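Notes for the one structure printed next.
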Amino acid sequence: MNSLLKPLMVQIGTVLGFLIIWEIVGESKLLFAGIVPSVFEILRAAWLQLSTGSIFPHLLVTVYEASVGLALAAFSGVVLGIVLGANPFWRKIFEPLILYFAATPKIILYPIFLIILGVKFESKIAMAAVSGFFPIALNTIVAAANVNRVFIKVAQSVGASNFQTFTRVYVPSMLLPIFAGMRLGAGASLVGAILGELKVSNAGLGFIIIEAFNHFRVAEMYASILLTFFLAAMVNVVMTLILVRMRGFAH
Amino acid sequence: MESWREKALRWIFVAIFLAVIEVIVRLNLVDRIFLTSPSLIAVAAWDELFSGELLSLFLLTAYEVAIAFIVASIVGLCAGCALWRYSLLGRAYDELLGALFASPLILLYPIFLVIFGRGINAIIAMGTLYGMIPIVLNTHQGLRDVDQVYLKVGKGMRLSERQILRHILFPAAWPMIIGGLKLGLTYILISVIALEFLVDIGGVGTLASKGYFWFNTELLYLGVVGAILLSMLFVTLLGKASARLLSRE
Chain A
1 MNSLLKPLMV QIGTVLGFLI IWEIVGESKL LFAGIVPSVF EILRAAWLQL STGSIFPHLL
61 VTVYEASVGL ALAAFSGVVL GIVLGANPFW RKIFEPLILY FAATPKIILY PIFLIILGVK
121 FESKIAMAAV SGFFPIALNT IVAAANVNRV FIKVAQSVGA SNFQTFTRVY VPSMLLPIFA
181 GMRLGAGASL VGAILGELKV SNAGLGFIII EAFNHFRVAE MYASILLTFF LAAMVNVVMT
241 LILVRMRGFA H
Chain B
252 MESWREKALR WIFVAIFLAV IEVIVRLNLV DRIFLTSPSL IAVAAWDELF SGELLSLFLL
312 TAYEVAIAFI VASIVGLCAG CALWRYSLLG RAYDELLGAL FASPLILLYP IFLVIFGRGI
372 NAIIAMGTLY GMIPIVLNTH QGLRDVDQVY LKVGKGMRLS ERQILRHILF PAAWPMIIGG
432 LKLGLTYILI SVIALEFLVD IGGVGTLASK GYFWFNTELL YLGVVGAILL SMLFVTLLGK
492 ASARLLSRE
């Protein structure tokens, strides 16, 4: 018990220490005057955004963009992943290209989406889709390639049709790794959509952050970033819980 | 290893893809504002190269990445060693850093802009933060997972603490540390280019942004292709370098 408690104390101490230093720097007004608002001021701004409900339309916009983007990413990623994973030849040819693209900053494609899709939701949905696509596709490739060949042979020898082999063998054994990819993809889609909003937009969480930044409403900017991080953490926690649940069923 | 045939086939597919785009644009099937052809992008690159701007943009990006990487490695390696030396801190900060790394840190960039000013310092700071975390975590893990038997042998041979560090601990942790440096450098490159594009400051990333705001489609695609090629080049070089560093041991 002690071995678990001690690190926890250090963690809590670190966060508290950070907040205290932040508060002192902010109050002293010697360093970074005006750009380090008091923690209470930030919390008040966050509360104001929540209690007046002014943040909710923007929250809705971002969640809408990210989830439509994630759905597109999941569909295309899973389809491509199964095609490449089940065909070793095509996998060898195309997987390196996908790996290369996965290691590039996806936001750089945003201006292309802007000129083709416009400055409204569609370009952010495209950003979310591209961002979420790679972790899902890469996980699905591995998942499809790792389906136990013996199971497939058995299914075929008892006379299962292609469709039955797919639904009874492929789907159950790929469900977990694909969802693990979706968990990563959900985070990436959310960040992709918000980054798009930060650059060019007229609604969404990224929009209110950059609006506050441009008008030098510093406390409001920090509050919006705080709430955005909270949303990202929530998405991560929910997806992790579902994953743990699924693992429980699988065993 | 992959055969030359697979490699050739891969690049043939890439060439076909580019050729299709070229034909689509040449036949005016889409508006030139939306899509431009590879040959026109190449012409734009040639022009930019001689006006001198392209090269300086690439150098600026390389400079930002280099500074961020140097700072991140020094701080990261020291912090990783400290976390290993004091295991209570190690257990506490491993989790904190892991949580930080999983969070969308890039969204903090407006804060970096207010604190470091709207310039390349903010970009370097963001890159440093991103690159540092995997270096710390991997250095710590590498040192921690060194087989205890090696250390016992070293003590049995009456090596001093420094000799144990130099001849046993670091060589054993080396592959893990290299992995951390590699990951750190990749994250630095991604965050630097992304930030250059987002705030319109610095090197290669700004090209695409300028192209969009000036409605210069060739410049826009040049920026996009330049950033992607730079990342690819970088990933390839990094793979080669780390393979060489590891094989020397």
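In the order they appear, the protein sequences are chains A and B. Numbers 1 to 251, taken from the working numbering, label the letters of the first sequence in order. Numbers 252 to 500, taken from the working numbering, label the letters of the second sequence in order. Note that CB positions come from ideal geometry on N, CA and C, so glycine has one too. Since the model is a prediction, treat every value here as computed from it, not as a measurement.
Beta-carbon spacing of residue i, residue j below 7 Å
| i | j | result |
| --- | --- | --- |
| serine 131 of chain A | alanine 188 of chain A | yes |
| proline 355 of chain B | alanine 126 of chain A | no |
| methionine 246 of chain A | leucine 176 of chain A | yes |
| isoleucine 374 of chain B | leucine 470 of chain B | no |
| alanine 143 of chain A | isoleucine 178 of chain A | yes |
| proline 105 of chain A | isoleucine 444 of chain B | yes |
| phenylalanine 311 of chain B | glycine 462 of chain B | The displayed chain sequence assigns leucine, not phenylalanine, to residue 311 of chain B. Result no, Cβ atoms of leucine 311 of chain B and glycine 462 of chain B do not sit closer than 7 Å. |
| tyrosine 238 of chain B | tyrosine 381 of chain B | Any question about residue 238 of chain B goes unanswered here, given that chain B covers just 252 to 500. |
| leucine 198 of chain A | glycine 206 of chain A | yes |
| leucine 473 of chain B | alanine 296 of chain B | yes |
| isoleucine 141 of chain A | glycine 85 of chain A | yes |
| phenylalanine 113 of chain A | glycine 77 of chain A | no |
| leucine 8 of chain A | isoleucine 107 of chain A | no |
| serine 232 of chain B | alanine 103 of chain A | Any answer about residue 232 of chain B is impossible in this case: the structure gives chain B only from 252 up to 500. |
| isoleucine 93 of chain A | glutamate 257 of chain B | yes |
| leucine 436 of chain B | phenylalanine 320 of chain B | yes |
| serine 288 of chain B | valine 271 of chain B | no |
| methionine 41 of chain A | alanine 219 of chain A | Note on identity: in this sequence residue 41 of chain A is glutamate, with methionine being the wrong assignment. Against a cut-off of 7 Å, the Cβ pair of alanine 219 of chain A and glutamate 41 of chain A comes out as a contact. |
| serine 173 of chain A | valine 191 of chain A | no |
Check: residue i C-beta below 6 Å from any heavy atom of the ligand SAM
| i | result |
| --- | --- |
| valine 271 of chain B | As for the ligand SAM, it is missing from this structure, which has no ligand bound. |
Contact set between residue i and chain B, taken where Cβ atoms lie within less than 9 Å
| i | result |
| --- | --- |
| tyrosine 100 of chain A | Ile479, Ser482, Met483, Val486 and Thr487 |
| asparagine 236 of chain A | Ala353 and Ser354 |
| isoleucine 242 of chain A | Those do not exist, as isoleucine 242 of chain A stays about 17 Å from chain B at its closest Cβ, beyond 9 Å. |
Span of the alpha helix (DSSP H), counted from its first residue to its last, around residue i
| i | result |
| --- | --- |
| lysine 153 of chain A | 149-157 |
| arginine 277 of chain B | 255-277 |
| glycine 372 of chain B | Inspection of the sequence shows that residue 372 of chain B is occupied by asparagine rather than by glycine. Where asparagine 372 of chain B is concerned, the enclosing alpha helix (DSSP H) stretches over 371-395. |
| valine 171 of chain A | 171-199 |
| isoleucine 362 of chain B | 360-367 |
| lysine 92 of chain A | 88-102 |
| leucine 43 of chain A | 39-51 |
| alanine 115 of chain A | A quick correction: the sequence has isoleucine, not alanine, at residue 115 of chain A. Run containing isoleucine 115 of chain A: 110-117, per the alpha helix (DSSP H) assignment. |
For residue i, three-class secondary structure by DSSP
| i | result |
| --- | --- |
| phenylalanine 133 of chain A | helix |
| threonine 457 of chain B | helix |
| isoleucine 419 of chain B | helix |
| asparagine 146 of chain A | coil |
| histidine 215 of chain A | coil |
| serine 307 of chain B | helix |
| leucine 286 of chain B | coil |
| methionine 427 of chain B | helix |
| glycine 462 of chain B | helix |
| arginine 409 of chain B | coil |
| tyrosine 438 of chain B | helix |
| leucine 69 of chain A | Before going further, note that residue 69 of chain A is glycine rather than leucine in the sequence given. Helix. |
| alanine 294 of chain A | Residue coverage of chain A in this structure runs from 1 to 251, which leaves residue 294 of chain A outside it and unanswerable. |
| tyrosine 337 of chain B | coil |
| leucine 280 of chain B | coil |
| aspartate 345 of chain B | helix |
| lysine 6 of chain A | helix |
| proline 57 of chain A | helix |
| isoleucine 452 of chain B | coil |
| asparagine 467 of chain B | coil |
| alanine 353 of chain B | helix |
| glycine 204 of chain A | coil |
| valine 15 of chain A | helix |
| isoleucine 35 of chain A | coil |
| aspartate 398 of chain B | coil |
| lysine 120 of chain A | coil |
| lysine 257 of chain A | As shown, chain A starts at 1 and ends at 251. That puts residue 257 of chain A outside it, with no answer to give. |
| leucine 491 of chain B | In the sequence as displayed, the identity of residue 491 of chain B is lysine instead of leucine. Helix, per DSSP. |
| lysine 403 of chain B | helix |
Contact list for residue i against chain A, beta-carbon separation under 9 Å
| i | result |
| --- | --- |
| glutamate 315 of chain B | Residues of chain A passing the Cβ test: none, with the nearest at roughly 14 Å. |
| alanine 295 of chain B | Here the premise fails: no neighbours, minimum Cβ distance about 15 Å. |
| alanine 266 of chain B | Per Cβ cutoff of 9 Å: no residues; alanine 266 of chain B is ~13 Å from chain A at best. |
| phenylalanine 448 of chain B | Pro105, Ile107, Ile108, Tyr110, Pro111 and Lys199 |
| alanine 330 of chain B | Those do not exist, as alanine 330 of chain B stays about 13 Å from chain A at its closest Cβ, beyond 9 Å. |
Contacts that residue i makes with chain A (C-beta to C-beta distance below 8 Å)
| i | result |
| --- | --- |
| tyrosine 463 of chain B | Pro111, Leu114 and Ile115 |
| phenylalanine 285 of chain B | Ile115 and Ile116 |
| arginine 261 of chain B | Ile93, Phe94, Pro96 and Leu97 |
Under 7 Å by beta carbon: chain A residues contacting residue i
| i | result |
| --- | --- |
| serine 530 of chain B | Nothing about residue 530 of chain B can be read from this structure; chain B reaches only from 252 to 500. |
| glutamate 273 of chain B | Near glutamate 273 of chain B there are no residues of chain A at all, since even the closest Cβ is about 17 Å away, more than 7 Å. |
| alanine 459 of chain B | Ile108 and Pro111 |
Neighbouring residues, chain B, relative to residue i (Cβ below 7 Å)
| i | result |
| --- | --- |
| methionine 221 of chain A | Pro361 |
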